[in-house]
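Here's the structure we're looking at; comments come further down.
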């Protein structure tokens, strides 16, 4: 099992001006790409991601979808200036078991307005097989508050 206190994501720091959150350390995903309307996460499957039958737990896949969707809607080209995002709804479908290798999650902003946006994401295994997909509605918020 990976020691989460040793986890680093240099790409996240370069792109956002921030280090990984506690949740990111626990999940051990990396922000591989980030641009207007799109975010790509990568996560090497480890023991902590597996359920009792040895495949990646659905909650891990849902969290990757949620996170990729949040990043794709909060892009900024100025590190440290990204908007906070809260998930209002998230629907996830699981299409195949993920067993080993690196999962790649691609999130895309689909539309929205000043306060909310819509996004979808797909998770692929190392062979390019889609293992899950989802979509959600998200609300922008200030990063310093937990209020919606």
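Residue numbers (the numbering used here): 1 to 148.
A virtual CB, placed ideally from N, CA and C, is assigned to each residue, including glycine.
The structure presented is a predicted model; accordingly, all values stated were derived computationally and were not measured.
Identify whether residue 3 lies in helix, strand or coil by the three-state DSSP scheme.
Confidence at residue 3 is low in this model, with a pLDDT of 42, below 50, so the placement of that residue is unreliable and no value is reported for it.
Nearest-angstrom Cβ-Cβ length linking residue 136 and residue 93, presumed shorter than 8 angstroms:
Incorrect: roughly 12 angstroms between the Cβ atoms, too far for contact.
Please classify residue 41 as buried or exposed, where buried requires at least 16 other C-beta atoms within 10 Å of its C-beta.
buried
Using 8 angstroms for Cβ pairs, my map puts residue 138 next to residue 88. What's the rounded Cβ distance?
6 angstroms
Cα-Cα, which of 107, 91, 74, 101 is closest to residue 116?
74
Ranges of the beta strand (DSSP E) found wholly within the stretch 56-139, counting only runs of at least 3
84-94, 102-112, 116-124
Keeping to the same chain, check which residues put their C-beta closer than 7 angstroms to that of residue 142; ignore five residues upstream and five downstream.
84
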